[in-house]
Structure formats: C-alpha cells, structure tokens
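Remarks on the structure that follows.
Residue numbers (this note's numbering), protein chains in the order written: chain A, 9 to 121; chain B, 1192 to 1303.
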C-alpha cells in the first residue's frame, strides 16, 4: 500500500537558519503530495501541495518540489522564524479512489531565538 | 479558521461506553473524512463520506461507525470503548474527492 516516510525529529534550529525536512513516498499511480502543519493545540493546516511531477508548491516562504524520479517531496525554507515552530506532516493522496490522505509520522520543529 | 467545526473539543469517558463525535464541514464541501491521531499509530484514515454516501474505509474498527446526514454534517460513533481508543479524532472536508482537505481542530477523546 501507499506509505510516506519523513525524517524523524525533533529538529531544533536557530532563527534565520535554513530548514530541510526530508520526505519520500511509495505509491501506485500518480499521487498528489502535500505538506500540512500542526501548531500546538490546533488542527492540521494545509501548507502547500503539488499534483504532478516537477510541480513546485510554495507558501509562506516554504517550498517543496515533486520529484518522481526520487519519489521525494522535501520541505525547505530559507530562513525560519520562531513562529514556524510546529509539527510538519508530509502526506499523499491516492489518485484512483477516495483521495484519502496517507501521512508520515510528523517532524517536530522548534526554532529558538 | 478552516471552517470545519468539530464538537466537542474534549471528551472524557470510561471503558465500555459509547460516544458520538460531530463534524460540520465547510460550507459547500460535499466530502467528509475522519482521521485518528495517536502517539503510536500517528495519523490514520478511518472513513470517508461523499454527499451522504460512504466512499471509502480505512483502518476503522468494527466498533466504530459513521454517517453523513442530508445537511452534510457527519457523526463518528465509537462504542465499547477501550483504553487504546484514546486519541485525537480529526474531521476534514473538501469540495470534491480530489481537492485539498481542510481539517477541524479535532476532538480529544480520553478513556479512563
């Protein structure tokens, strides 16, 4: 079945540091890929998405590129802020059914001043 | 604010009991998904409804059931509760089946 593997955390960075959170996937067909963010005590918010190979999703300074050849969708940000501290989830939705989301285990990011 | 409303926010009950979690999707969204978030299993898809009809089932226990009503709100029923059912239960909605899902803030269920 479909699966998502993302780097384990927690990740601690200083403000203005560069962020990379690795995500790889296994899926049949052509899934759509997503990054969701969960702030403490809140639900998941869609951060960005990509629906086909070589698409780049971007939002709030975060970027991720759908790489079919390496089955990856790594999240990057050039300069993190304290307000970016949260748990980040990589996810895919299958393209031949209900489009349910399959999530990675999440990566907790803490940004210190 | 995602526009998806889940009630209650917190629920504390005992083993063997039955509870109902409620979800109101965003206005105009026809599809509702339920997910369970636990420390050991992570986020797992439970079940999906589209315009009142069950569309897909994931790792949902037989003790759990759901439905979507004509006004499109959905309820997740959990019965014969066990300690391991303690988790955060999320509802998500989308316009169609291949559109981004928007999540509610979840219902935290604690079984004592």
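Where is the CB? At the ideal position from N, CA and C, for every residue including glycine.
**Item:** Proximity below 7 Å, CB of residue 1186 of chain B to CB of residue 17 of chain A
**Value:** The requested residue 1186 of chain B is not part of the displayed model; chain B covers only 1192 to 1303.
Excluding the 5 residues flanking residue 61 of chain A on each side, which residues of the same chain have their C-beta closer than 7 Å to its C-beta?
So the list reads 74 and 76, once near-sequence residues are dropped.
Whole angstroms are fine: how far does the CA of residue 1241 of chain B sit from the CA of residue 1261 of chain B? If you take the alpha carbons of residue 1261 of chain B and residue 1241 of chain B, they lie about 11 Å apart.
Worksheet item: Where residue 1204 of chain B and residue 27 of chain A are concerned, what is the direct C-alpha to C-alpha distance, given to the nearest angstrom?
Response: Answer to the nearest angstrom: the Cα atoms are 41 Å apart.
- prompt: What is the DSSP secondary structure of residue 49 of chain A, counted as helix, strand or coil?
  reply: If DSSP states are grouped into helix, strand and coil, residue 49 of chain A belongs with coil.
Exercise. If residue 1197 of chain B and residue 1287 of chain B are in contact, beta carbons under 8 Å, what's the gap, nearest whole angstrom?
Worked result: Taking 8 Å as the upper bound for CB-CB distance, residue 1197 of chain B and residue 1287 of chain B are not in contact here, some 21 Å apart.
_Taking the alpha carbon of residue 96 of chain A as the reference point, which residue from A:90, A:64, A:59 and A:117 has its own alpha carbon closest?_
The residue with the shortest Cα to Cα distance from residue 96 of chain A is A:117.
Check your understanding: Going along the chain, which residues of the region 95-114 of chain A sit with their C-beta nearer than 9 Å to a C-beta in chain B?
Key -> Considering only beta carbons, the part of the region 95-114 of chain A lying closer than 9 Å to chain B consists of 97, 99, 101, 103, 105, 106, 107, 108, 109, 110, 111, 112, 113 and 114, in chain order.
* **Reduced DSSP secondary structure (H/G/I, E/B, other) of residue 1274 of chain B** => Taken through DSSP and simplified to helix, strand or coil, residue 1274 of chain B comes out as helix.
Self-check item: Spatial distance of residue 37 of chain A from residue 102 of chain A (CA atoms)
Solution: Using only the alpha carbons, I get a separation of about 7 Å.
Beta carbon of residue 1246 of chain B nearer than 7 Å to that of residue 1239 of chain B = Contact flag set, yes.
- Query: List, in order along the chain, the chain C residues whose C-beta lies closer than 8 Å to that of residue 1281 of chain B?
  - Reply: Here chain C cannot be found, since the structure's protein chains are A and B.
Touch check for the region 1249-1261 of chain B and the region 58-72 of chain A: three-plus C-beta pairs under 8 Å? Contact between the region 1249-1261 of chain B and the region 58-72 of chain A is absent, because fewer than three Cβ pairs lie under 8 Å.
- Message: Just to confirm the assignment, what range does the beta strand (DSSP E) spanning residue 1264 of chain B have?
- Response: Segment: none, residue 1264 of chain B is in no beta strand (DSSP E) and carries neither H nor E.
What does DSSP give as the partner residues of residue 14 of chain A in its beta bridges?
Beta-bridge pairing links residue 14 of chain A to A:31.
Taking the beta strand (DSSP E) that residue 1245 of chain B falls in, what are its first and last residues? Residues 1244-1248.
**Q.** Distance between residue 24 of chain A and residue 1228 of chain B (C-alpha atoms, nearest Å)
**A.** Spanning the two alpha carbons is a distance of roughly 31 Å.
- Task: Helix, strand or coil for residue 91 of chain A, going by three-state DSSP, please let me know.
- Result: In this structure, residue 91 of chain A counts as helix in the three-state DSSP scheme.
Q | Chain-ordered neighbours of residue 1233 of chain B on chain A, where CB pairs are closer than 9 Å | A | Per Cβ cutoff of 9 Å: 97, 111, 112, 113 and 114.
- Looking at C-alpha atoms only, which residue of B:1206, B:1192, B:1194 and B:1200 is the closest neighbour of residue 1273 of chain B? Checking every option, the nearest Cα to that of residue 1273 of chain B belongs to B:1206.
Residue 1243 of chain B versus residue 1265 of chain B - alpha carbon distance: So the two alpha carbons sit approximately 9 Å from each other.
Notebook entry, point to check: For a contact meaning CB atoms closer than 8 Å, what does residue 60 of chain A contact in chain B?
Noted result: In chain order: nothing, as chain B lies at least about 12 Å away.
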